[in-house]
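First up is the structure itself, then whatever we jot down about it.
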Amino acid sequence: MSLRKTDSDLRFESMTTQASKSYRVMLVDEVPDRARWVGDALAHAGMQVAIAEAGRTLLKRIADVEPDVIVIDIESPDRDMLESLSVLSTHQPTPIVMFSEKRGTDFINAAIAAGVTAYMVGEIDPSKVKPIIDAAMAQFQAFQGMRQALDETQEQLRQRRSIEKAKLLLIQSHGFDEARAHQFLRELAMQRRLSMSEVAAGILESAQADSG
Amino acid sequence: MNKTDLDIAYLPLVDSAPFILAEHLGYFSQMGLKVTLHKEVSWALVRDKLAIGARDAAQMLAPLPAMTTLGVSGMRVPLLTGLGLSKNGNGITISAVLWQQMLAGLQLAEDYPASAANVTDVIVRAARQTEILSRQLTFAVVHGFSTHAILLRRWLRSAGVDPDAQVKMIVVPPSQMVDSLSAGVIDGYCVGEPWSTLAIKLGVGIAAAWGAEVWAEAPEKVLCVTEQWHEQNPATHHALRIALMHACGWLSRPDNALEAAQVMSAKQYLDIEDSVLERALSGHLARTRNSAVEQVPNFLSFFDNQTNDPGGDSALQILDGCNDLLGRSVDPVQRHMLARRCFRSDLFHHTLQEFDDSAVDP
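Order-wise, the sequence lines are chains W and X. Residue numbers for the first sequence follow the working numbering, beginning at -5 and rising by one. Residue numbers for the second sequence follow the working numbering, beginning at 858 and rising by one.
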């Protein structure tokens, strides 16, 4: 139920490599004629298409089909469920392409400019859906990469901060100089087969426990 | 003042009362605002419209401004709240089928009374015996990042159930909850009224706990704007908060529940029977189809400092609950920064200072 990066990362990699050839596209549309019309065009463009009903059965269908991309109306009540997939389960986040019947192109353009969900189709026009899905997949992958890089940067910063804090603690409590403190952490890390930041975190925790 | 014509988004729920009543009672116009309320279908859409400026302000789930600022929910856009609009108001329902399964497993009578203490006790005992709760349970909430999800995890743990290992949590729109429960797609859910009461009336579910019994001071809905909009329209934002606080104050008087229910039941707003709304607004609820209606203490509040101040301890509890949902450990620095940036206690206190002087016609 929690978002943990494990084997889903591997699945994501395999997905990105196969994506350019043939996506599994799930169309969620309450207008059956339109769904068939768009579905035929996508199938003709070489995609595997599954048409799904909105509502109660959608979640099960997603689990069965495991689509690479979901196309859905921006005004659908099912959007909160779709966005929560990546939070509540270990599902790979799935890019969502949206279309809008009611809204004009201004809305869509503004949404794209704001980075809303970068994957918007206006009125569904079958001949245009394929390139938009291509673009959406590319953007989605770029976004995922960016987010991951950002998470990693934040993690690195956090680790560096705890190392610095632990050094400071050693300097204050043991009268070490900076180089000695650094060496101390390194040796401890090697002895215990831990990373320096893990050792630092341990030192800080026990210091906190002592003072508290 | 900066901008005076405002478009505001809300979802048709019992706790959207402050928006609807502020409009009905003329509090917006008394603050010099011309407000158009827009009924929306999902929190994702509300957020999208805020982000692109199609809406000026919106009702929002308390965890969402921070989670959207962080970028873990759909998209990254800096949002903030300077006013809490409601506290509590949720119920945890379990299916009648699951209840009977547990009773049978524990060799208790079919009509074993479903009081709050008994329900928790039965689940605690059933959870310990794998032959009774042999399968993974499925529970639904209305959004991945909601007070409901945090509340449900707290309750499951209090009943000795591991929310990660023993339960699968899914998101279902409120209007599909009862249907999913009776179809056996889910074993229970946590949602606002009237969706617990509807399942109870039909006999397909029983109340396992009311929200306030699990978490006494749970922030529920907040007034949300983008950080950018706030910076451009600080005076408008301030006036909007005062108008909504007056509506919250009006709603806190028990005598007004009936009128509020009547106004909200209109087709343009909730389109739900007013007697049902009145019970939810006043916290008069029954735990099972056969049990008497009782007054649930503190069921839903609109007006007191704990409710209207979006910051403080409850904001930290929301952030910790979200980290728990994400399976992340809490970085104390990020926690502190996010609390200060998104849950703006300072804006609330600014509002409070002028609120008392800004008399409005009742």
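All residues carry an ideal CB built from backbone N, CA and C; glycine is no exception. Fair warning: this is a prediction, and the values are worked out from it, not measured in the lab.
Item                                                                                                                                                                    : Value
At a Cβ cut of 8 Å, what residues of the region 1020 to 1046 of chain X count as close to chain W, listed as they run along the chain?                                  : Pro1020, Asp1021, Val1024, Lys1025, Met1026, Ile1027, Val1028, Val1029, Pro1030, Ser1032, Gln1033, Asp1036, Ser1037, Ala1040 and Val1042
According to DSSP, simplified to helix, strand and coil, what is Ile877/X?                                                                                              : helix
Once you ignore the five residues that flank Arg1201/X on each side, which residues in its own chain have a CB closer than 6 Å to its CB?                               : Leu937 and Gly939
On a Cα-Cα basis, can you pick out the residue from Trp900/X, Asn1155/X and Thr1208/X that is closest to Met917/X?                                                      : Trp900/X
Please identify, using Cβ separations under 7 Å, the residues of the region 148 to 163 of chain W that lie next to chain X, in order along the chain.                   : Arg152
According to a CB-to-CB cut-off of less than 9 Å, which residues of the region 67 to 79 of chain W neighbour chain X?                                                   : Ile68, Glu69, Ser70, Pro71, Asp72, Arg73, Asp74, Met75, Leu76, Glu77, Ser78 and Leu79
Using the rule of at least 16 other Cβ atoms within 10 Å of the residue's Cβ for burial, across every protein chain shown, is Asp1019/X buried or exposed?              : exposed
Based on the DSSP secondary-structure assignment, which residues constitute the bridge partners of Thr938/X?                                                            : Cys1081/X and Phe1200/X
Exposed or buried, what is Asp1213/X when buried is set at 16 or more other beta-carbons lying within 10 Å of its beta-carbon?                                          : exposed
So Trp1086/X contacts chain W; which residues on that side make the cut at Cβ distance below 9 Å?                                                                       : The contacting residues do not exist; Trp1086/X stays about 12 Å from chain W at best.
Measuring CA to CA, which of Ala1100/X, Leu1182/X and Leu960/X is closest to Gln887/X?                                                                                  : Ala1100/X
Who are the neighbours of Arg50/W on chain X, taking C-beta pairs under 9 Å?                                                                                            : Val1029, Gln1033, Asp1036, Ser1037, Ala1040 and Val1042
Just to confirm my understanding: we take Gln42/W, look at its own chain, exclude 5 residues before and 5 after, and list those with CB closer than 8 Å. What are they? : Ser16, Tyr17, Arg18 and Val19
Residues bridged to Ser1158/X by DSSP?                                                                                                                                  : Lys944/X
Helix, strand or coil: how does DSSP classify Gln1125/X here?                                                                                                           : coil
With a threshold of 16 other CB atoms inside 10 Å of the CB of Val999/X, please say whether the residue is buried or exposed.                                           : buried
Which of the three DSSP states, helix, strand or coil, is assigned to Leu79/W?                                                                                          : helix
What does the Cβ neighbour count give for Asn1165/X, buried or exposed, with the cut at 16 atoms within 10 Å?                                                           : buried
For Pro1076/X, which residues does DSSP report across the bridge?                                                                                                       : Lys944/X
Should Ala143/W be labelled buried (16 or more other beta-carbon atoms within 10 Å of its own) or exposed?                                                              : exposed
The alpha helix (DSSP H) spanning Met959/X covers which residue range?                                                                                                  : Ala953 to Gly962
To which residues of the same chain is Ile165/W closer than 6 Å at the C-beta, ignoring the five residues directly before and after it?                                 : Ala175
With DSSP as the reference, label Asp1170/X as helix, strand or coil.                                                                                                   : helix
Can you pull the chain W residues whose beta carbon is under 8 Å from the beta carbon of Val999/X, in chain order?                                                      : Asp74
Can you look up Tyr969/X in the DSSP assignment and give me helix, strand or coil?                                                                                      : coil
Cβ of Leu1008/X less than 9 Å from any chain W Cβ?                                                                                                                      : no
At the 9 Å Cβ level, is Leu179/W part of the contact set with chain X, yes or no?                                                                                       : no
Provide the residue(s) that pair with Gly1045/X in DSSP beta bridges, ordered along the chain.                                                                          : Ile951/X and Phe996/X
Mind checking Thr147/W: buried by the 16 CB within 10 Å criterion, or exposed?                                                                                          : exposed
Is there a C-beta anywhere in chain X that falls below 9 Å from the one on Leu21/W?                                                                                     : no
Nearest to Pro1189/X by CA position, among Asp58/W, Arg152/W, Ser78/W and Ile45/W, is which residue?                                                                    : Arg152/W
Have a look at the DSSP bridge pairing and note the partners of Trp1067/X.                                                                                              : Gly948/X
Which of helix, strand or coil does DSSP assign to Thr1054/X?                                                                                                           : helix
Is the region 1044 to 1054 of chain X touching the region 1005 to 1018 of chain X in the sense that three or more CB pairs, one from each, lie closer than 8 Å?         : yes
Within this structure, are the beta carbons of Ala914/X and Thr977/X separated by less than 9 Å?                                                                        : no
Suppose you measure from the CA of Leu53/W to the CA of Thr950/X; what does that come to, to the nearest Å?                                                             : 21 Å
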